[in-house]
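Trainee: One structure, as structure tokens, below. Some questions next.
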């Protein structure tokens, strides 16, 4: 079958070249409509209870999308009123921005009287402290409530950039401020992702081109991989767009990963082509020989790449699942691009037709020969030493910790991290947590009192945490506190409390309608009225602290409502952005091992088909699985012994399955070549020596290309992208050593001549 394929590809090579260029052009037109999925909710599965609660919060209280504009003004509460007038001017500029529904600021409840020294002004300032201003009296926070995207034609990114522009050009010489909040986090995250995609594409192409020209010293054979890479990327994007798929938070890696798969494949092609030309074959015959020799291993290599990536669909994290599907498509687009482009490009014209053996080839061959000699001398001792070292490293797997602060996905010097740090330090926490309670249509003093009793219990829970080291700083706010505290209703006669509560609520609705509607509203789905309590919580906590606080808060709320005369059929809910992200990142480590297990199973099945031997499939899995586990284990030990801040994030959650899919490529080339050599020589030693020389050279060069390609990810602004690039590079180095040392050891000890029949024509 491989002979027929090679004959077909060479015979119609120029037609294939024309087809490839046509498909690339069509894909370019199609891919222009490819969009980013910018929704934070799509990071979760559609049937998630957490997501259902969050959707209820958004639809009931008007979108729940708030941008906090924060700045410093030491004259905020100056008795002259200058600070409040500045605040009012800035608030008006923000309110006039297209896409902003309303703003909430401390000047609204009492106007200029908010700076007065009377009891009413003091109570009002104290009530909104942590939401509209800091305890220091100089940190100002303006909450900008955005229209839901489906209710406005304004582009969300433009709205956020306009808010940023206002807060960066403050009047009267004030220093530029910051903007934070869920919409900012998402918008900036995707802004970095899009910039990464462009920048990483350019840098990876440059670095890989330098690597290839340094190794093979041929301009033509630099251009061919570049064409293959660009065609693969265009075809991948075109297919994604045609299928209606959207790019996600981790899609900045798409270009770089497609590129390294393509270049790794091309390195094997170039090494075999150089060998064929040096053996005396003509140009066309050499291309035919390479196509026939590599058709089977390249097909199975791309298939196992796809299997490794598809294993990511077992994740509960939306962007990780999407990335798996995208890269599986990309793997097969690499296969298609190589088949269509290489035969035509390699034989077109007579200029610079031949690549050369890389510099240092003699020294490389010498080292490969020494390595196989060492394997033959003491295979059992080498295997024992490897297992001992691996066992120690694997102990670090239990020391891995999860990064739960989503702002840690950005560089510390970025504006968004600095803004969140300011909110954490001055306003009592950047996390937003919400409690939703069933409520009557008309709020009464009795109901408001029940809510204040609940907030008192929450305050007691908060006090418990405040007594602990590194405890979360937390603030609560609700209409109940606003009305009862400001009007001091508890000191009024009982017969007057309901009437005064009604008056207070009416004044609040008149003076601050958006704030009122964001705290008491009707769910359009079940037509039930709900009451909202807002909590500002510190993001800078461990996963255990966050989850324990959420669980205890949920228990306090449930117990209170169960004993309340205002209990209803609808259960209270604890939700919000803080809860979503805590649960999202907590699932990362579980996903790591789930997807890794799926990858091991699926790749083992594919290799059993490729080798027609389960024994060889298992042997090939060991040197690729073990280095990945060792890298993750070393990460755990590094956290314990050297860098306590080193934690698992979304990028690290993908490396096991992806690394396995990429590193197994070399094993496929190695084992298939070993099967052929063993059939030829009927001697394990001779077969290993030949394969170590031929495949080992391509393996080292392709791994070098992979590492350099993934190294380009280190310049990303998005920390998970950096983690992904560095950890995959380390896993690739481990995989190369595994394939050059562990794989020969296992083949030497366990390969049997009766089980090495080469793949049949049908299987190929």
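In the numbering used here, the protein residues as written are 520 to 1283.
Just so it is clear, CB atoms sit at the ideal spot from N, CA and C, and this is done for glycine as well.
1) Which runs of the alpha helix (DSSP H) at least 4 residues long sit entirely within the stretch 1126 to 1170? Give them in chain order.
2) Assuming residue 956 is part of the beta strand (DSSP E), what are its boundary residues?
3) Taking only three categories from DSSP, how would you classify residue 1056?
4) Identify whether residue 686 lies in helix, strand or coil by the three-state DSSP scheme.
5) Go ahead and pull the three-state DSSP assignment for residue 1286.
6) Give every residue of the same chain whose Cβ lies closer than 6 Å to the Cβ of residue 1092, excluding the five residues on either side of it in the sequence, and list them in chain order.
7) What is the rounded straight-line gap between the Cα of residue 1238 and the Cα of residue 1102?
8) Per DSSP, which residues does residue 1002 bridge with? Please list them.
9) Inspect the CB distances between the stretch 1111 to 1118 and the stretch 962 to 970 and report whether three or more fall short of 8 Å.
10) Are the beta-carbon atoms of residue 546 and residue 757 separated by less than 7 Å?
11) What are the partner residues of residue 621, as DSSP defines its beta bridges?
12) Look at residue 894 and residue 1141 and say whether their C-beta atoms are less than 7 Å apart.
13) Given a cut-off of 7 Å on the beta-carbon distance, is the pair residue 803 and residue 730 in contact?
14) Where do the N-terminal and C-terminal ends of the beta strand (DSSP E) with residue 1039 fall, by residue?
15) On a CA-only basis, which of 1220, 1266, 1259, 1269 is nearest residue 888? Give me that one, please.
16) Report yes if the CB atom of residue 622 is closer than 7 Å to the CB atom of residue 629, and no otherwise.
17) What is the rounded straight-line gap between the Cα of residue 941 and the Cα of residue 681?
18) Between residue 1050 and residue 965, is the Cβ-Cβ spacing less than 7 Å?
19) Under three-state DSSP, which class holds residue 627?
20) Output the residue ranges of the alpha helix (DSSP H) runs that lie fully inside the stretch 867 to 945 and measure 4 residues or longer, sorted by chain position.
21) Can you list, in chain order, the residues of its chain with a C-beta nearer than 6 Å to that of residue 1127? Leave out the 5 residues immediately preceding and following it.
22) Quick check on DSSP: helix, strand or coil for residue 972?
23) Determine the direct distance from the alpha carbon of residue 524 to that of residue 721, and round the result to whole angstroms.
24) For the beta strand (DSSP E) that residue 699 lies in, which residues bound it at each end?
25) Does the Cβ of residue 1280 have 16 or more other Cβ atoms within 10 Å, making it buried, or fewer, making it exposed?
26) Evaluate the contact criterion for the stretch 1238 to 1249 versus the stretch 871 to 879: three or more CB pairs, one atom per stretch, below 8 Å.
27) Alpha carbon to alpha carbon, how far is residue 607 from residue 664?
28) Where do the N-terminal and C-terminal ends of the alpha helix (DSSP H) with residue 1195 fall, by residue?
29) Where does the unbroken alpha helix (DSSP H) through residue 836 begin, and where does it stop?
30) Got a sec, what are the start and stop residues for the alpha helix (DSSP H) residue 817 sits in?
31) Give me the Cα-Cα distance between residue 699 and residue 882, rounded to the nearest whole angstrom.
32) With 16 other CB atoms within 10 Å as the buried threshold, where does residue 534 fall?
33) Compute the beta-carbon to beta-carbon distance between residue 1075 and residue 980, rounded to the nearest angstrom, for a pair I have assumed lies under 8 Å.
34) Taking the C-alpha atoms as reference points, what is the distance between residue 716 and residue 742?
35) Could you tell me which of 1073, 738, 978, 584 sits nearest to residue 667, measuring between CA atoms?
36) Quick check: the Cα distance between residue 807 and residue 1225, rounded to an integer number of angstroms?
Mentor: Per the coordinate set shown:
1) 1133 to 1160
2) 950 to 957
3) strand
4) helix
5) Missing from the structure shown is residue 1286; the chain here goes from 520 to 1283 and no further.
6) 572, 955
7) 19 Å
8) Beta-bridge pairing links residue 1002 to no other residue.
9) no
10) yes
11) 664
12) no
13) no
14) 1039 to 1041
15) 1259
16) no
17) 21 Å
18) no
19) coil
20) 880 to 896, 898 to 913
21) 1133, 1136
22) helix
23) 34 Å
24) 697 to 699
25) Low per-residue confidence applies at residue 1280: pLDDT is 36, beneath 50, and the placement is therefore not dependable enough to give any value.
26) no
27) 16 Å
28) 1174 to 1200
29) No alpha helix (DSSP H) contains residue 836, which DSSP labels as neither H nor E.
30) 802 to 829
31) 56 Å
32) exposed
33) 6 Å
34) 21 Å
35) 584
36) 26 Å
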